[in-house]
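Written below as structure tokens is the structure these notes are about.
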Amino acid sequence: MNYRFQNLLGAPYRGGNAVITQNTQLISPVGNRVSITDLVKSQTITLPVQSSSNIRRLAVSPDGTFLLTVDENNRCHFINIPRRAVLHRITFKKTVNALRFSPDGKYIAVAAGKLVQIWRSPGFKREYFAFELVRTLADCEDTVTALDWSLDCKYLLVGSKDLTARLFCVKKLQGILNKPFLFLGHRDAVVGCFFGYDKKTNNVNKIYTIARDGYIFSWSYSGTDGKLNEDDEQDSKPSSSGTPEQDGERNLDGANGIDVKKRKEFEGKDANSDLNSYLHKGKWELLRKDGFMQSQTKLTACDYHRLLDMVVVGFSNGVFGLYQMPDFICIHLMSISREKITTAVFNETGNWLTFGCAKLGQLLVWEWRSESYILKQQGHYFDVNCLAYSPDSQLLATGADDNKVKVWTVSSGFCFVTFSEHTNAVTALQFMANNHSLLSASLDGTVRAWDLFRYRNFRTFTTPSSRQFVSLAADQSGEVICAGTLDSFEIFVWSMKTGRLLDVLSGHEGPVHGLTFSPTNAILASSSWDKTVRLWDVFEGKGAVETFTHTHDVLTVVYRPDGRQLACSTLDGQIHFWDPINGLLMFTIEGRRDIAGGRLMTDRRSAANSTAGKCFTTLCYSADGSYILAGGSSKYICMYDIADQVLLRRFQITHNLSLDGVLDFLNSKKMTDAGPLDLIDDDDTDTEEGVDKQVRGKLGYDLPGSMPNHGRPIIRTKCLRIAPTGRSFSSATTEGVLVYSIDESFIFDPTDLDIDVTPEAVDEALDEDQPNRALILSLRLNEDSLIKKCIFAVNPIDIPAVAASIPFRYLQRLIEALADLLEGCPHLEFILRWSQELCKAHGNSIQQNSRNLLPSLKSLQKAITGIHQDLADTCSSNEYMLRYLCCTGSNK
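So the sequence shown is numbered by my numbering: it starts at 13 and just counts up by one.
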């Protein structure tokens, strides 16, 4: 039961800025989480760390070890990326619009409202308050929008909405007043400002400022005469009271509690040694003004690469441009979407460009030299409605309200194919037993079959008159396809081979939202809002053979993997368990209190007194049938033990306060005469917008509590599926597809533990050349490392004898260990020999207890299938390489 969060699929990018570290690691915010994509290995992971709301800004240390995230509530997390853990936390008082580490990693510049704060960067050391404010720059007249450090960390370039950019000397120097140099002339807010460098000396010789109206100004540096002007000489004289600027800065620093000694260490001590190098005292001249010529659009994102001296810009109409500076030569000007580009960034070498479009949930990595895509990922535009695991647990299919079906590789987290032939919301999915085809049902009145080899729609099932399908099922042989309707309350039956309509099952008096075939026979179970569950004999054509009546609408129905139990959820929050063979009600689980949680902003009643959302809309049995998962319009997923009918665990799918229904109690201080303060529309056109906040998708009618909510997404779980291996489960939620997997790193679950069963006893048995006894002791101790050690200690010749002597009660644990080894162990033949001998020695026992061993056997099958595919690709490429070498050798 030790499931933990593993990954988030279906929403690669939802707004905020993206950053690239170590040249190939792309880090982007996903709601209130952070996603890391390896652009070389084509893998993506999502950190288990959650912020209190959607993440607004990111910054990464130069070595790629530390990550700084700031959410919409201005709460900041300092994260250790390799450990995936939060080291420190801090809350800023103003909205953070820009965030950047210094090139040496010692300091962090934070644009908090009109202020620029310079903090000493925390490290691995445990401190009571790790963040130390060393200086505050308060010269800007409006919100700060852009920051850039010089390579020597002496200067900070700041862009603001007051139409100016300012050059600050970071360290305050004795005898010199630190007045910033102003770069004036823009007619709109400054979006980006960057230092330019001389490639030979690596010194700053130019500055670029880019405004929102689509103009870039190039400034050149002509040095200084080394003398202070009269104003500076007068300001540098000692004074008891100090100048107003000095007093204001002293008050700011004092208000933030800066240690005077540490501040003096931060400030420079020798003011006269480097007078000629003070850029803010030199002469800056406007070299040229250039326009990007994108009329009636706004510049929304930009970045600069100092080594290539190139600028990339993105616009609100989806167009991006790549320009060579300082001559302003356009290299590329392309359109990648019709929506606003919210982030544009170079990688370290400058050969890849990363673009993000928050409204489409799209993230692109483009190589500009070869004009090819390195990464092209796009999540579902609206909520995911349905999920389906492939029989080998390697693939996961998702269908959503955006009319698309996507297929993901679970191990890498990447979508490798998108089917968009449906013209309305996709409502149900199911993989066929052959693992190479997928079925999908939609509100557009079609059921489509997809070929996962050729990536095409090879069959379409339709009805004489248009219907809306909301449920789908296929029998074990794959011969018969059934779909339930929303409007006509019928079940349609087709032949998979011919595509012909075979039968129409009538009898329900409400929408058929649940449909499933028995795993052991051809009996079809259907659930409807007419308060009944019906069993149908599809092949015999007898119609309904059994009807189970309930007191409330039945929302969904599922079979236990062995086919001997049927579970269905009703609108009153109960889960009913039926014996489908005898037609008897076995027991009922009351889940209203378990699923309850969270109050909507528009609710007039407290969460305890409200009846909305207190029911399960999706159910899923575990692979062995020992427990059941249930979810609905709530922030919780409930896990119940079937034998004892008790709640084992509740999974809270998110802590994101940007979603509605997460808080149990609303803050009365935020209530006004016009309603909750969070729902008052104070939209700012300059604010970065993410995905359109949908109240509900095209299937929102069947979700209690999904009333219009002024655009705040409501947290809910629409679909739950457990992998056939039983090692993971996925849930389709408002934030995307959450994948949970079993965490074995902290499990100690021994079997038949005795005083003599110790790690020392295992080592002693190995020293005495008794691998059989050592393996059984390690299985009783249930220590993963010891089990694998004992497996490798067995001589290949002795494998048949040792495999035959393993007691059956330890067989499942041994198969799980072999499956785990097979996925990452180089000794392929050795592990396959173990698997073969276990099947030979315990074939009858495995067959008789297939229900209990099915999850571990599925895991072994998944590992073998993956190895087989990798070897097939390698052998195929080697075959053609050898042919080519033989041909070239004979020609010579």
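Where a beta carbon is used, it is the ideal one built from N, C-alpha and C, also for glycine.
According to the DSSP assignment, Q824 belongs to no beta strand (DSSP E) but to the alpha helix (DSSP H) extending over L823 to G836. With distances taken between CA atoms, C314 lies nearest to G326 out of Q308, G326, M322 and M305. When DSSP reads this structure, M346 sits in a beta bridge with F332. With respect to A412, F394 sits close: the two C-beta atoms are nearer than 7 Å. Secondary structure note for V569: its beta strand (DSSP E) is the uninterrupted segment V566 to Y571. By the neighbour-count criterion, in which a residue is buried when 16 or more other Cβ atoms sit within 10 angstroms of its Cβ, V557 is exposed. Judged by pairs of C-beta atoms under 8 Å, the segment 631 to 644 touches the segment 567 to 586, as three or more such pairs exist.
Following the DSSP letters along the chain, one finds P771 inside the alpha helix (DSSP H) bounded by residues P771 to D779.
Taking every protein chain shown into account, the CB of R821 has fewer than 16 other CB atoms within 10 angstroms, so this residue is exposed. For Y25, the secondary structure class from DSSP, reduced to helix, strand or coil, is coil. Annotated three-state conformation of S47 is strand, per DSSP. As summarised for the segment 334 to 418, the continuous beta strand (DSSP E) elements at least 3 residues long and confined to that stretch are 341 to 347, 355 to 358, 364 to 369, 374 to 379, 384 to 390, 396 to 401 and 407 to 412, given in chain order. Given a length threshold of 3 residues, each whole run of the beta strand (DSSP E) inside the segment 732 to 759 is given here in chain order: 740 to 745 and 748 to 754. Checking the DSSP bridge columns, you'll see C802 has no partner listed. The Cβ neighbour count for V516, taken over all protein chains shown within 10 Å, is under 16; the residue is labelled exposed. Of the residues F304, S797 and G27, the one whose Cα lies closest to the Cα of V323 is F304. For C165, the closest of D151, D154, V492 and F180 by C-alpha to C-alpha distance is F180.
Between Y25 and G373, the C-beta gap is smaller than 7 Å, which places the two residues in contact. In the structure shown, the three-state DSSP call for H667 is coil.
Between the C-alpha atoms of G603 and K626 there is a straight-line separation of about 8 Å. In the same chain as D542, and ignoring 5 residues on each side of it, the C-beta atoms closer than 6 Å to its own belong to H520, E521 and G522, in chain order.
The beta carbon of D456 sits closer than 6 Å to the beta carbons of H434, T435 and N436 from its chain, once the five residues preceding and following it are set aside; these are given in chain order. Counting only unbroken stretches of 3 or more residues, the beta strand (DSSP E) elements lying wholly within the segment 429 to 511 are 438 to 443, 449 to 454, 459 to 463, 468 to 473, 481 to 486, 492 to 497 and 503 to 507, in sequence order.
If you look at D606, you'll find it in the alpha helix (DSSP H) that goes R604 to I607.
Counting C-beta atoms within 10 angstroms of its own C-beta, P819 has fewer than 16 neighbours from the protein chains shown and is therefore classed as exposed. Judged by DSSP in its simplified three-state form, P115 adopts coil rather than helix or strand. For R792, the uninterrupted alpha helix (DSSP H) run begins and ends at P783 to L793, by DSSP.
Separation of the CB atoms of A142 and V357 is rounded to 28 Å, and the pair is thereby denied contact status at 8 Å.
The C-alpha of V482 lies about 11 Å from the C-alpha of S500. A direct Cα-Cα distance of roughly 22 Å separates L866 from R16. The beta-carbon distance between D83 and I67, rounded to whole angstroms, is 5 Å. This is short enough to meet the 8 Å contact definition. For K218, the three-state secondary structure derived from DSSP is strand. Counting only residues of its own chain and dropping the five nearest sequence neighbours on each side, D151 has a CB closer than 7 Å to the CB of R178 and P192. Distance check between G43 and each of P812, E747, Q129 and V438 places E747 closest, using alpha-carbon atoms only.
For L517, the enclosing beta strand (DSSP E) begins and ends at L513 to L517. Excluding the 5 residues flanking it on each side, P94 has same chain C-beta neighbours closer than 8 Å at T77, in chain order.
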